[in-house]
DNA sequence: GTATTAATGCAAATAACTTGCATTTTATAA
DNA sequence: TTATAAAATGCAAGTTATTTGCATTAATAC
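Protein chains in written order, with the working numbering: chain A, 1 to 142; chain B, 1 to 142.
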């Protein structure tokens, strides 16, 4: 999606107050290149082809980057998490309830809806960025 | 939320093509009485107080009822699934990204948004019911 | 009622994810 | 630079949520 340069990624990591390591940059770099949220398995698999990275390291990096606000963690009821770069903008996707197909939809806004929800809420008065998953059947499964 | 009579629950199970058992009715009955989606743990805990039900049975009933379209399975990035009755209507909730607070918000519609998303989609041409989770910080955590 | 097939309990197995610990590396200070 | 404190890493082992195998029991169909 975004595809940052190595220098930009380094800057992002530093500004987040984290140390710059090859593995950390690799995780972030990979996520900056894909268009759909990826699973940890996919990430480990892809990074293993270049570096010798352990899955524990991948999990720890995902956790620290997420904690620092650089990543978004998504769940599509597939039994494992998906991650994507945190762009600051909302993240909306269609998810197949039968197979593991997902499709990110860009260019729509539900800010008004979120405002309405907050107005009705008793427990929340603010939100951070949000994600929305709409379930259905993909063309293949329909 | 809905709170059906025993007869109504029985009818729902039969129409779904499933056998009517005490445990199955208990699971469905419990879910028909709570207002927010519940965790499996909460369900097991609550049902254990009345019946001697095994957690494997709870999981299997949740799976069969979900498969039959009577339940909705939700995930709030808490590491465990939540379930609620499938009402046919959309399910919208605010979710705290810090603690486990969730709040179901009723009475809003995002049908237009879903239509827009489908129009932009390449992989989907229909959706079933949907759920939307908006993340933020609850008043307690803010 | 009896047969068929699904439901259940219990224990063991998986899958996703986390942690402990000894060993590098990175960033900071001298 | 070089020394140092703190964080990152690999590896193996541990958790937690969820699933499964199997023998037994109960629900529906005939």
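By construction, the Cβ of each residue, glycine as well, lies at the ideal position given by its N, Cα and C atoms. Because the structure is a prediction, the values reported are computed rather than measured.
Burial check for residue 67 of chain A: the Cβ neighbour count within 10 Å stays below 16, so the residue is exposed.
For the 7 Å CB-CB criterion, residue 10 of chain B and residue 20 of chain B form a contact. The Cβ-Cβ distance between residue 23 of chain B and residue 53 of chain B falls below 7 Å. Fewer than three pairs of CB atoms, one per stretch, sit closer than 8 Å, so the stretch 86-97 of chain B makes no contact with the stretch 105-112 of chain A. At a cut-off of 7 Å between beta carbons, residue 55 of chain B makes no contact with chain A. Distance from the CA atom of residue 87 of chain A to the CA atom of residue 69 of chain A, rounded to whole angstroms, is 10 Å.
Any Cβ of chain A closer than 7 Å to the Cβ of residue 41 of chain B would place that residue at the interface, and such an atom is absent. Boundaries cannot be given for residue 4 of chain B, as no alpha helix (DSSP H) includes it and DSSP labels it neither H nor E. Pairing residue 74 of chain B with residue 31 of chain B gives a Cβ-Cβ distance that is not under 7 Å. Per DSSP, the unbroken alpha helix (DSSP H) holding residue 42 of chain A starts and ends at 40-48. Membership of residue 66 of chain B in any beta strand (DSSP E) is not indicated; the residue belongs instead to the alpha helix (DSSP H) covering 55-67.
For residue 61 of chain A, same chain residues with a beta-carbon under 7 Å away, outside a window of 5 residues either side, are 23, 24 and 27 in chain order. Nearest neighbour of residue 99 of chain A by Cα position, chosen from A:79, A:49, A:129 and A:48, turns out to be A:79.
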